[in-house]
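Participant: In the numbering used here, the protein residues as written are 4 to 134.
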């Protein structure tokens, strides 16, 4: 698949569950109780646990590697915009906005975004992909 300026690509993930969070905690080593311990969260005054920000960033990484070889990713950054609740269905998208030269390589500049099923933006970012 050949992509260029103006092209977009998407990925949708299954709803985030408590199992998703427990598995991600084990895989990432991030066992912060705010993501997995309902009693802790209730004591903190919150209604429920919420997803690790890095889970959403990992999904954005999957969006990129579904469309480009991993070794072509020169830069990948993200900003966490809002909390992702249990049951959220991530809709991930990338939009190619420019063609640039970085370190002598011709590259695509891509805006990336993760939002839930209500179109609430959770993560925004950018990727630079070598051609």
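Just so you know, even glycine gets a beta-carbon here, dropped at the ideal spot from N, CA and C.
Ignoring anything shorter than 3 residues, give me the beta strand (DSSP E) runs that lie fully in the segment 96-133, in order along the chain.
Facilitator: Within the segment 96-133, the complete beta strand (DSSP E) runs of at least 3 residues are 108-118 and 124-133.
Participant: On the criterion of 16 or more Cβ atoms from any shown chain inside 10 Å, does residue 15 qualify as buried, or is it exposed?
Facilitator: Exposed, by the Cβ-count rule.
Participant: Would residue 133 and residue 82 be called neighbours here (beta carbons separated by less than 8 angstroms)?
Facilitator: No, these two residues do not count as a Cβ contact at 8 angstroms.
Participant: Is residue 70 buried or exposed, if buried means 16 or more other CB atoms sit within 10 Å of its CB?
Facilitator: Looking at its Cβ environment, which holds 16 or more other Cβ atoms inside 10 Å, residue 70 is buried.
Participant: List the endpoints of the continuous beta strand (DSSP E) containing residue 67.
Facilitator: Where residue 67 is concerned, there is no enclosing beta strand (DSSP E), although the alpha helix (DSSP H) it sits in stretches over 56-70.
Participant: Check whether the segment 111-119 touches the segment 81-97, counting contact only when three or more Cβ pairs, one atom from each stretch, lie closer than 8 angstroms.
Facilitator: Enough Cβ pairs lie closer than 8 angstroms, so yes.
Participant: Closest by CA to residue 57, which one among 110, 48, 23 and 102?
Facilitator: With distances taken between Cα atoms, residue 57 lies closest to 23.
Participant: With DSSP as the reference, please indicate the residues paired to residue 77 in a beta bridge.
Facilitator: Per DSSP, none; premise fails for residue 77.
Participant: Please state whether the Cβ-Cβ distance between residue 93 and residue 62 is less than 8 angstroms.
Facilitator: The answer is yes: Cβ separation under 8 angstroms.
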